Amino acid sequence: MKKIQIYILIFVLNLHIPFLSIHAQNSTPPNIIIILADDIGYGDLGGYYGGKANTPHLNLLAQKGMLFTDFHSNGAMCSPTRAALLTGRYQQRVGIEDPLPGYWQKPGVGSVNGINSNSHAKPKTIADHLKSAGYATAFFGKWHLGNHPNANPINFGFDEFRGLTSGCGDYFSKIDRYGYQDWWHNDQLTFQKGYTTDVITSNGIDFIKKNKKQPFFLYLAHLGVHFPWQSPADSNLQTRIKGEDFTSNKPGSHSKLGPHQPKDVPEILKEMIQSLDRNVGLLVEFLEAEGLDKNTLVFFTSDNGQYLDYDGSTWPKVGSNGKLRGEKGDLYEGGHRVPAIAYWPGKIPENVISNETLMSMDILPTLLEIIGSPMPNQNGNHALDGSSFLNVITQKKEMPERTVFWKTPEAKAARMGDWKFIQDEINPEGALYNLKSDLSESKNLKLENSEVYQSLSQAMRKWEKEIVVSNLTATSEQ
-9 MKKIQIYILI FVLNLHIPFL SIHAQNSTPP NIIIILADDI GYGDLGGYYG
41 GKANTPHLNL LAQKGMLFTD FHSNGAMCSP TRAALLTGRY QQRVGIEDPL
91 PGYWQKPGVG SVNGINSNSH AKPKTIADHL KSAGYATAFF GKWHLGNHPN
141 ANPINFGFDE FRGLTSGCGD YFSKIDRYGY QDWWHNDQLT FQKGYTTDVI
191 TSNGIDFIKK NKKQPFFLYL AHLGVHFPWQ SPADSNLQTR IKGEDFTSNK
241 PGSHSKLGPH QPKDVPEILK EMIQSLDRNV GLLVEFLEAE GLDKNTLVFF
291 TSDNGQYLDY DGSTWPKVGS NGKLRGEKGD LYEGGHRVPA IAYWPGKIPE
341 NVISNETLMS MDILPTLLEI IGSPMPNQNG NHALDGSSFL NVITQKKEMP
391 ERTVFWKTPE AKAARMGDWK FIQDEINPEG ALYNLKSDLS ESKNLKLENS
441 EVYQSLSQAM RKWEKEIVVS NLTATSEQ
């Protein structure tokens, strides 16, 4: 009996050694940096993803770390993914299923509360968790989770915030499409000169300089490469002007899409991607120069896929999602399968390509496991939907089998293994695709695989009912 007990103890300890070793090798908890690009499609980046942009710094990050082929944004557009990433939950549970509008009641006071800020059901973010664990926390860039003062990032665990609260702003004048200034330092409008991508990185580096003697969490949510499509060299061109309307979809001086003609957009977009890449390089080089790189996890991804065109033939060519079907806003793969890279020297093996199916909401539970923090009560208001992928990045293991879901007001989708169910205007009765054999989602297999189709469609309906009940429960506590 004693021998059996000893063997069981050894087996249990072996299960935990990889996790324990991460902490044992660090005298202090690891620093954490999340870089969220905006509208970077699966075929936009150079290197593995096959895009035309020259992205040597992101390529090097992938070579020194792990690149993901099957990483997905929780939403097919901005706000939903951002809500899920920060809370580790399906975005519907915090009241967000669509991008939030950017209307203002008066200058500096937005009309949108964003994620629920009620004292009982207020979401707990990555920053909240890490701040409780002794981390300095900062958010620089695009928030897009509410422009009302109650929704400001400093109310959700961030010690410092610099950036915009709306969905898009001019890269130079920092004016939103409605003609309002939208660049903040915490809860005060504070203009910063420079190209937005450069400014966000500069703020991040300054934050690290001030906090490098303690664990830090830095969330850089770049505006790049969301419209207005402006390259770093465009400061001499028309920029948005305070008090004027820039909501037009058409080319011209007041287009929300920027100062360029449609034919020039693909090249401008390439320059914007390359600017983002250079800034990732600057950040990593700074970490290396300061000797911080080996104790810092850097995770890069995008909030959704890329536009292929915009407003039909008006802007006929924008970016690329590679061979994936669909674009930003769709629940086909082009809307939510996005580039992702994890880098952590000495902890994440180099030059590894992972084919595991992961979601934005999986980031928070992964970070909690890394720092040894307990997961939230699964019966409480902060119960997680995401799953930790620590074993994927440190040991190249597989994720447990699960079904994951996407939903917009226009469409819904469910994925289990290689199978994907989708229901939208094109397929009102639902369609079934096998992503292993048909990544482009071109052949509907629902008739040949009726059991799989029924199983996923039933799982979809069950999940929809669950999140509606969850959201009603949260609302009733206001």
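To convert, note that position 376 of the sequence shown is 366 in the numbering used here; the numbers rise steadily by one, no gaps. Backbone N, C-alpha and C fix where the C-beta goes; we use that ideal spot for every residue, glycine too. All figures in this text were calculated on a predicted structure; none of them were measured in a lab.
Bridge partner(s) assigned by DSSP for residue i
i, result
"N133", "Note that residue 133 is Trp in the sequence shown, not Asn. BP columns for W133 are empty, so no partner."
"D166", "G159"
"S344", "F58"
"S238", "S245"
"H175", "R152, Q178"
"Y469", "Any answer about residue 469 is impossible in this case: the structure gives the chain only from -9 up to 468."
"T71", "Answer by DSSP bridge pairing: none, since T71 is not bridged."
"R405", "V394, K410"
"T127", "F207"
Straight-line Cα distance separating residue j from residue i
i, j, result
"A449", "L429", "22 Å"
"M349", "A332", "13 Å"
"D166", "D160", "6 Å"
"K131", "W94", "Note that residue 131 corresponds to Gly in the displayed sequence, not to Lys. Distance between the alpha carbons of G131 and W94: 19 Å."
"H110", "F146", "Its pLDDT being 48, under 50, H110 is placed unreliably by the model, and nothing is read from it."
"L247", "N239", "7 Å"
"K337", "F289", "13 Å"
"G65", "K397", "7 Å"
"S163", "V255", "20 Å"
"K199", "T77", "27 Å"
"G478", "L380", "There is simply no residue 478 to check, as the chain begins at -9 and stops at 468 in what is shown."
"S225", "A211", "22 Å"
"G41", "L314", "13 Å"
"H138", "H250", "32 Å"
"S427", "A404", "17 Å"
"Y38", "I231", "39 Å"
"Q368", "N285", "30 Å"
"I144", "A126", "12 Å"
"T191", "K307", "29 Å"
"V268", "P222", "Position check: residue 268 holds Arg in this sequence, whereas Val was assumed. Each residue's alpha carbon lies about 12 Å from the other."
"L446", "T186", "42 Å"
"L259", "L358", "35 Å"
CA nearest to the CA of residue i, picked from the options
i, options, result
"H372", "K112, Y32, S69", "K112"
"A128", "Y39, I22, D28", "I22"
"H216", "G124, N381, G184, H134", "H134"
"T304", "E257, V270, S245", "S245"
"L474", "G157, L48, Y423, A141", "No information on residue 474 is available, as it lies outside the stretch -9 to 468 that the chain covers here."
"G233", "G169, I190, E87, D60", "G169"
"G157", "F236, Y322, G92", "G92"
"T393", "K386, W409, G316, A401", "W409"
"C68", "A52, L50, G85, P89", "P89"
"V270", "Y443, E388, L51", "L51"
"N341", "L227, I360, K386, I457", "K386"
Supposed close pair residue i, residue j - CB separation, criterion 8 Å
i, j, result
"L57", "I343", "5 Å"
"I263", "T45", "7 Å"
"S363", "H119", "6 Å"
"V382", "E419", "Incorrect: roughly 35 Å between the Cβ atoms, too far for contact."
"E261", "E431", "Rounded, the Cβ-Cβ distance is 31 Å, inconsistent with contact."
Residue i: CB within 6 Å of a non-hydrogen atom of the ligand PLP
i, result
"E150", "What this structure holds is no ligand at all, so the ligand PLP is not there to describe."
Would you call the segment 319 to 335 and the segment 292 to 307 in contact, with 3 or more CB pairs under 8 Å?
-> Between the segment 319 to 335 and the segment 292 to 307, the count of C-beta pairs closer than 8 Å reaches three or more; the two stretches touch.
Say whether the segment 411 to 426 touches the segment 72 to 92, bearing in mind that this needs 3 or more beta-carbon pairs closer than 8 Å, one atom from each stretch.
-> Here the segment 411 to 426 does not lie against the segment 72 to 92, with fewer than 3 beta-carbon pairs under 8 Å apart.
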